[in-house]
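Report on the structure given below.
Numbering (our numbering), first residue to last: 16 to 95.
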């Protein structure tokens with residue numbers, strides 16, 4: 016994982032489930048990976064999924080208006 020991320024920071028992460036959000040928290044907290052996620056924006060499919068990103072600054076988390084992939088992708092494109 017570290018080798019794949021060594022090219023630079025992660026700009027955005029799409030989260031489709033609370034389980035994925037919890038797994039992302041584990042990655043963010045790893046000392047070898049933390050720097051790659053300092054400015055990452057997180058796009059969640061629902062409020063429940065966003066809530067699983069405990070400890071991430073709220074201004075870095077956006078929630079799709081409806082729990083559909085099209086809404087999530089639209090949110091990502093609007094945030095660029």
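The beta-carbon is built from N, C-alpha and C at its ideal position, and this holds for glycine as well.
- Membership of residue 30 in any alpha helix (DSSP H) is not indicated; the residue belongs instead to the beta strand (DSSP E) covering 27-30.
- For residue 75, there is no enclosing alpha helix (DSSP H), since its DSSP letter is neither H nor E.
- The shortest CA-to-CA distance from residue 35 to any of 80, 85, 93 and 58 is the one to 58.
- Judged by beta-carbon spacing, residue 94 lies beyond the 8 Å limit of residue 86, meaning their Cβ atoms are not closer than that value.
- A distance below 8 Å separates the beta carbons of residue 51 and residue 25.
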